[in-house]
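S.K.: Provided herewith is a single structure, encoded as structure tokens, for subsequent inquiry.
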Amino acid sequence: MTAVICLFLADAMIKNFEETLATNRLATESLNTKLGEVHLELKLKEDEIRRLITGQENLETEKYDLHMSNNDLVKRLDMSVLEIKNLEGFVHVLAAHLAELDRVSLNFLEKFDKLNSVYEACFRLVNQERDLSAKLAKRQYDQLHGRFLNLTSEKMLYNW
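In this text, residue positions in the sequence shown follow UniProt numbering: the first is 1, and each later residue adds one.
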């Protein structure tokens, strides 16, 4: 009986082992499925990480490019500010020169008007001198002609 019990126990143990083995096989298959899912999920996450790393690298490159562009724009802005200041200085100098030129122009116009007045006065004086010279010449002519006529008439009186 002991042998039968041993056999029975052995048979029960074998059955138990077979059930355990079947359970373990199902558990292993389940674990393999889960492992496959986890492996697939890991692969997807690795792909996502690679994509994010590439995106980060692109963003860092873009950030660097923007930083360099910003630096370039800051330099250009600084140069523009200096150029504007230089142009403002030039405008102030030009405005001062224009004001001086306006003052000189007004002075020139005043002097030109005075010169024109003097020229008109000289022209009137020249005309007056000419008229006076003509009157004097006519008077002298009239006097000489009168004397000539007197002399001629006296000569005719003496010659008769």
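A virtual CB, placed ideally from N, CA and C, is assigned to each residue, including glycine.
1. In whole angstroms, give me the CA-to-CA distance for Glu41 and Thr33.
2. CB-CB under 8 Å to Glu37, same chain, minus the five flanking residues each way: which ones, in chain order?
3. Can you list, in chain order, the residues of its chain with a C-beta nearer than 8 Å to that of Leu52? Leave out the 5 residues immediately preceding and following it.
4. Which value, in whole angstroms, describes the spacing of the CA atoms of Asn24 and Gly55?
M.R.: Well, looking at it:
1. In a straight line, the C-alpha of Glu41 is about 12 Å away from that of Thr33.
2. Cβ neighbours of Glu37 beyond the five flanking positions: none.
3. Counting only Cβ-Cβ distances below 8 Å, and skipping sequence neighbours, we find nothing.
4. A direct Cα-Cα distance of roughly 44 Å separates Asn24 from Gly55.
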